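Each residue of the sequence shown is one higher than the last, beginning at 22 in our numbering. Only one structure is covered here, and it is reproduced in the block below.
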Amino acid sequence: MKLGVLFSGGKDSSYAAYLASQNNELVCLITIHSKNLYSYMFHTPSISKTKLQAEVMNLPLIEVNTKGEKEIELNDLKDAIIDAKKKYKIEGIVTGAVESVYQASRIQKICDDLGLEVFNPLWQKNQIELLNDLIKNKFEVIIVAVAAEGFDTSWLGRKIDVNMIEELVKLNKKYGINPAFEGGEAESFVLNCPLFKKKLKVVNKRIIDDRIEVELE
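In structure tokens:
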């Protein structure tokens, strides 16, 4: 089946794409650039770098801007999916949804209206297992934003590894944070994974408040 991927550049959308690619054909990526940093629907940190990820995946990228107004932003998402259906004949959409019923239900409604299947390969997956699976499958992922108690700027730019997972388990017990950041505790960006033809390298970085801006090659 030909699939389009709702793609933010983070660990969940990238890993979902990888899983979906094992039995289907990925034909495009869809990235929504939201002006609302606190959008319930769309990831914003490092979103401008998805173009580089698309290049190393050899996949076309559909990019759409949205003001990020609640519910209204769904029209922009629907337009992007319609564009993908016309240009690349997609038959379904892949999402990286893990726990967000808000996101999953709205994407499902759009795809139902358009006659498309929805693939949520990470849905309700154990979050520690999910993080460990990233490592097992050779995903190289860095933290690009933090927004919760227990996190500080020392986390920015760090790679997800076994030591980090152990720290996240402790923070979960101490503060109740979601280990896979489903509550927006942190945001991630993928530098390398099995879908990439070559690894992206960080050549420069700058911390701005609770986020990190990276220059890649």
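C-beta: ideal position from N, C-alpha, C; glycine also. Every value quoted in this text rests on a predicted model; they were computed, and no experiment measured them.
Handout entry: Backbone secondary structure at I80 - three-state DSSP
Key = To locate residue 80, count along the sequence shown from 1; it is residue 59. In the sequence as presented, Ile is not what sits at residue 80; that position holds Leu. In this structure, L80 counts as coil in the three-state DSSP scheme.
Practice task
Look up C214 in the DSSP assignment and say whether it is helix, strand or coil.
Solution key: Within the sequence shown, numbered from 1, the residue matching residue 214 stands at position 193. Three-state result, C214: coil.
Practice task
Could you spell out where the alpha helix (DSSP H) holding K88 opens and where it closes?
Solution key: Along the sequence shown, one-based indexing puts residue 88 at 67. Per DSSP, K88 lies in no alpha helix (DSSP H) and is assigned neither H nor E.
Practice task
Go ahead and pull the three-state DSSP assignment for E21.
Solution key: This structure cannot settle anything about residue 21, because the visible part of the chain is limited to 22 through 238.
Problem - Own chain, CB closer than 7 Å to S42, minus 5 neighbours either side, in chain order - result: Residue 42 sits at position 21 when you count from the first residue of the sequence shown. So the list reads L216, once near-sequence residues are dropped.
Exercise for the section: Check whether the Cβ atoms of E203 and E120 sit closer than 9 Å, and answer yes or no. Expected result: Reading the sequence shown from its first residue, position 182 is the one you call residue 203. Reading the sequence shown from its first residue, position 99 is the one you call residue 120. Contact: yes.
Handout entry: Nonlocal neighbours in the same chain, by C-beta distance under 6 Å from V109, ignoring five residues either side
Key = Taking the first residue of the sequence shown as 1, we reach residue 109 at position 88. Checking the sequence shown, residue 109 turns out to be Tyr, not Val. Once the five neighbours on either side are set aside, the close Cβ partners of Y109 are V48 and C49.
Exercise for the section: Leaving out five residues on either side along the sequence, give the residues of the same chain with a beta carbon under 6 Å from the beta carbon of R232. Expected result: Position 211 of the sequence shown holds residue 232. Only P66 and A166 meet the Cβ criterion.
Exercise for the section: Rounded to whole angstroms, what's the CA-CA distance from N14 to T174? Just pull it up for me. Expected result: No statement about residue 14 is possible, as the shown extent of the chain runs from 22 to 238 and does not include it.
Practice task
Starting from the Cα of L58, find the closest Cα among E208, L221 and K226 and give me that residue.
Solution key: Within the sequence shown, numbered from 1, the residue matching residue 58 stands at position 37. For L58, the nearest C-alpha among the options comes from E208.
Exercise for the section: Evaluate the contact criterion for the stretch 132-142 versus the stretch 190-197: three or more CB pairs, one atom per stretch, below 8 Å. Expected result: no
Handout entry: Neighbourhood of S34 by C-beta distance below 7 Å, restricted to the same chain and skipping five residues each side
Key = In the sequence shown, the residue the question calls residue 34 occupies position 13. These residues qualify, in order along the chain: V26, L27, F28 and G117.
Problem - Candidates E46, A37 and C214: closest to I111 by CA position - result: As a position in the sequence shown, residue 111 is number 90, starting the count at 1. Residue E46 is the option with its Cα nearest to I111.
Exercise for the section: Please state whether DSSP places N225 in a helix, a strand or coil. Expected result: Walking along the sequence shown from the start, residue 225 turns up at place 204. In this structure, N225 counts as strand in the three-state DSSP scheme.
Practice task
Assign D230 to buried or exposed, taking buried as 16 or more other Cβ atoms, counted over all protein chains shown, within 10 Å of its Cβ.
Solution key: The residue given as residue 230 occupies position 209 in the sequence shown. Only exposed fits D230, as fewer than 16 other CB atoms lie within 10 angstroms of its CB.
Practice task
Kindly indicate which three-state DSSP category A166 falls into: helix, strand or coil?
Solution key: Working through the sequence shown from its first residue, we reach residue 166 at position 145. The answer is strand: DSSP assigns A166 an E or B state.
Problem - D104 versus E187: straight-line alpha-carbon distance, rounded - result: Counted from its first residue, the sequence shown places residue 104 at position 83. Counted from its first residue, the sequence shown places residue 187 at position 166. Straight-line Cα distance between these residues: approximately 42 Å.
Problem - Beta-carbon contacts of G113 that lie in its chain and below 7 Å, excluding the five residues immediately before and after - result: Numbered from 1 along the sequence shown, position 92 holds the residue referred to as residue 113. Cβ within range, chain order: M22, L24, L137, E138, V139 and F140.
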